[in-house]
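Counting from 101, one number per residue, gives the positions in the sequence shown under this note's numbering.
Cβ coordinates follow ideal geometry from the N, Cα and C atoms, glycine included.
Each remark here refers to the structure printed beneath this line.
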Amino acid sequence: MQESILTTLVLPIALAMIMLGLGLSLKSDDFLRIFKYPKAVTIGLIGQLVILPVIALAIVKIIPMSPAIAVGLIVLALCPCGASSNMITYLAGGDVALAVTLTVFSSIITIFTIPLFTSLAVNSLLGKSAIVALPIGMTMGQIFLITVIPIAMGMYIQHQFPEIARRLEKVINKLAVGFLGLIIILLVAKEWSRLPSLIVQAGTGVMLLNILGMAAGFAISKMLNLNIAQQICVAIEVGIQNGTLAIAITAGILKDAEMAIPAAIYSLFMYLTGFAVIAYSKNLAGHQDRLNES
Numbered sequence: 101m102q103e104s105i106l107t108t109l110v111l112p113i114a115l116a117m118i119m120l121g122l123g124l125s126l127k128s129d130d131f132l133r134i135f136k137y138p139k140a141v142t143i144g145l146i147g148q149l150v151i152l153p154v155i156a157l158a159i160v161k162i163i164p165m166s167p168a169i170a171v172g173l174i175v176l177a178l179c180p181c182g183a184s185s186n187m188i189t190y191l192a193g194g195d196v197a198l199a200v201t202l203t204v205f206s207s208i209i210t211i212f213t214i215p216l217f218t219s220l221a222v223n224s225l226l227g228k229s230a231i232v233a234l235p236i237g238m239t240m241g242q243i244f245l246i247t248v249i250p251i252a253m254g255m256y257i258q259h260q261f262p263e264i265a266r267r268l269e270k271v272i273n274k275l276a277v278g279f280l281g282l283i284i285i286l287l288v289a290k291e292w293s294r295l296p297s298l299i300v301q302a303g304t305g306v307m308l309l310n311i312l313g314m315a316a317g318f319a320i321s322k323m324l325n326l327n328i329a330q331q332i333c334v335a336i337e338v339g340i341q342n343g344t345l346a347i348a349i350t351a352g353i354l355k356d357a358e359m360a361i362p363a364a365i366y367s368l369f370m371y372l373t374g375f376a377v378i379a380y381s382k383n384l385a386g387h388q389d390r391l392n393e394s
């Protein structure tokens with residue numbers, strides 16, 4: 101009963117709420133920024149959709165972990181940046197407009213990339229022993245329904261009823277956080293007996309994915325001469341994933357709670373690194389101001 105409620109009700113509602121909250125904050129201009137900042141958007145999307153999955157592949161090859169944990173880590177890397185990344189970008193003094201644009205476009209693109217590459221990961225890492233199957237077409241449809249449709253609904257409400265959207269956004273975000281907490285509690289309860297070994301296996305991989313993703317995003321954006329605010333944004337957007345979507349895919353579609361452990365751990369750990377980035381960025385901004393004054 102617990103697993104059924106988690107996979108068929110709680111997960112879709114939580115994810116839809118998160119994406120609805122994102123939609124409530126969006127305007128049509130957010131989709132046009134790809135033409136205003138083509139270089140920054142391209143760099144961010146390459147970091148998100150190409151570099152991060154490559155980092156995940158390297159991690160699962162180097163760090164010992166069960167095949168299910170490895171698949172879960174790769175699914176996490178394939179997911180788009182989450183709504184939380186926009187908040188962290190704002191607090192860190194990054195380019196929030198660029199962050200929103202990257203979140204929107206990565207969410208749309210990954211409708212197609214997640215099912216394809218997750219299927220390849222399942223077949224490669226689980227092989228003939230796999231007891232799960234990922235129907236690619238159906239998975240694309242499910243991801244579309246619980247991500248793009250709520251975003252579109254939120255944008256419609258924001259356009260037609262901006263004051264209602266402003267009030268709704270605060271309530272929706274609080275409910276989404278509550279649902280995410282419930283999901284993690286249910287996953288921990290289900291895997292309680294094996295939790296210590298799963299944390300040992302997944303913890304190192306999750307930390308490396310998060311930290312190396314941010315470092316790669318910052319390095320590539322700095323190397324290609326984006327401004328400081330854009331560098332901060334790209335680092336966060338590449339490093340902070342939509343953990344709720346990863347849980348929905350692994351526990352909901354693939355129906356494997358063990359695969360969902362990396363995303364559950366990640367959903368907590370990313371806030372620690374997020375706060376560290378905020379502190380570092382504030383210090384960096386202060387240092388830059390002092391240089392400008394001198």
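Per-residue burial, residue i [other beta carbons within 10 Å of its own, 16 or more giving buried]
i      : result
Asp129 : exposed
Leu140 : The sequence shown places Ala at residue 140, not Leu. Burial call: buried.
Pro180 : buried
Phe135 : exposed
Asn310 : buried
Ile320 : buried
Ser297 : exposed
Gly237 : exposed
Leu372 : exposed
Ala221 : buried
Ile378 : buried
Leu132 : exposed
Lys228 : Any answer about Lys228 is weak, because its pLDDT of 46 lies below 50 and its placement is not dependable; what the coordinates show is given next. Per the 10 Å Cβ criterion, exposed.
Check whether residue i and residue j have beta carbons under 8 Å apart
i      : j      : result
Leu145 : Phe205 : yes
Gly121 : Gln258 : no
Thr239 : Pro262 : no
Ala275 : Met119 : A small fix is needed here, since residue 275 is Leu in this sequence, not Ala. Not a contact, by the Cβ cut-off of 8 Å.
Gln330 : Phe318 : no
Ala363 : Gly172 : yes
Gln341 : Gly182 : yes
Ile272 : Ala348 : no
Ile209 : Gly313 : no
Leu126 : Met255 : yes
Own chain partners of residue i with C-beta closer than 7 Å, once the 5 adjacent residues on each side are dropped
i      : result
Ile365 : Ile299, Ala302, Gly303, Val306
Ile159 : Leu173, Gly305, Leu308, Leu309
Gly147 : Ala316, Gly317, Ile320, Val334, Val338
Tyr190 : Val196
Glu269 : Gly121, Leu124, Ser125
Nearest residue (CA-CA) to residue i, options the options
i      : options                        : result
Ala376 : Gly339, Leu173, Val150, Ser321 : Gly339
Ile336 : Val150, Ile188, Thr142         : Ile188
Val200 : Tyr380, Ile264, Asn186, Leu191 : Asn186
Leu354 : Gly147, Val160, Pro164, Ala168 : Ala168
Leu225 : Gln148, Leu157, Tyr137, Lys382 : Leu157
Phe244 : Met370, Ser381, Leu345, Leu202 : Leu345
Gln242 : Ala265, Val271, Thr373, Leu115 : Leu115
Ser207 : Ile251, Tyr190, Val271         : Ile251
Phe369 : Leu191, Leu326, Lys382, Ser184 : Ser184
Asn383 : Leu326, Ala192, Met165, Arg266 : Ala192
Ser367 : Ile163, Ile285, Thr203         : Ile285
Ser166 : Val248, Ile378, Ile361         : Ile361
Tyr137 : Val248, Arg267, Asn327, Lys270 : Asn327
Close beta carbons around residue i, own chain, < 8 Å, minus the five adjacent residues each side
i      : result
Pro58  : Nothing about residue 58 can be read from this structure; the chain reaches only from 101 to 394.
Leu324 : Lys139, Ile143
Met203 : Looking at the sequence provided, one finds Thr at residue 203 rather than Met. Answer for Thr203: Leu122, Pro180, Cys181, Gly182, Ala183, Ser185, Asn186, Glu337, listed in chain order.
Ala230 : Residue placement at Ala230 is poorly supported in this model, since its pLDDT is 48, which falls under 50; the coordinates still yield a value, given next. Counting only Cβ-Cβ distances below 8 Å, and skipping sequence neighbours, we find Val222, Asn223.
Leu149 : Ser206, Ile209, Thr210, Thr213
Pro164 : Gln301
Sequence-distant residues of the same chain with beta carbon closer than 6 Å to residue i, five excluded per side
i      : result
Met359 : Ala168, Val171, Gly172, Thr350
Ile151 : Ala316
Gly374 : Ile188
Ala265 : Leu124, Ile257, Gln258
Gln260 : none
Gly343 : Ala363, Tyr366, Ser367
Ser381 : Ala192, Gly193, Ile332
Lys322 : Gln331
Ignoring anything shorter than 4 residues, give me the alpha helix (DSSP H) runs that lie fully in the segment 166 to 247, in order along the chain.
167 to 178, 183 to 191, 196 to 226, 236 to 243
Can you list the alpha helix (DSSP H) stretches of 4 or more residues lying completely in the segment 311 to 358, in chain order?
Qualifying alpha helix (DSSP H) stretches, in chain order: 328 to 339, 343 to 347.
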